[in-house]
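Going by UniProt numbering, the sequence shown opens with residue 1, and the numbers climb by one from there.
Cβ atoms here follow ideal geometry from the backbone N, Cα and C, with glycine treated the same way.
Bear in mind the structure is a predicted one, so any value in this text is a computation, not a measurement.
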Amino acid sequence: MFIKQNIKKYYKPSEYNKLFFSLFIRSFIDFCLKKILKFL
Numbered sequence: 001m002f003i004k005q006n007i008k009k010y011y012k013p014s015e016y017n018k019l020f021f022s023l024f025i026r027s028f029i030d031f032c033l034k035k036i037l038k039f040l
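Structural data, given as structure tokens:
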């Protein structure tokens, strides 16, 4: 919680959203790749 508040202070909302969104996409792609590799 404290870390999130710190990030919001240092990042503009749009930049914070971009950061979060990119992290989410990266983890999602990683998850998909692992699923695909299991099936192969």
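Next on the checklist: Between the alpha carbons of D30 and F21, how many angstroms are there, rounded?
Outcome noted: Taking the straight line joining both Cα atoms gives about 14 angstroms.
Checklist entry - Which value, in whole angstroms, describes the spacing of the CA atoms of F24 and L40? => result Straight-line Cα distance between these residues: approximately 25 angstroms.
Item to check | Cutoff 6 angstroms; reference F28; Cβ partners in own chain excluding five residues on either side | outcome: Excluding residues within five positions, none has a Cβ falling inside 6 angstroms.
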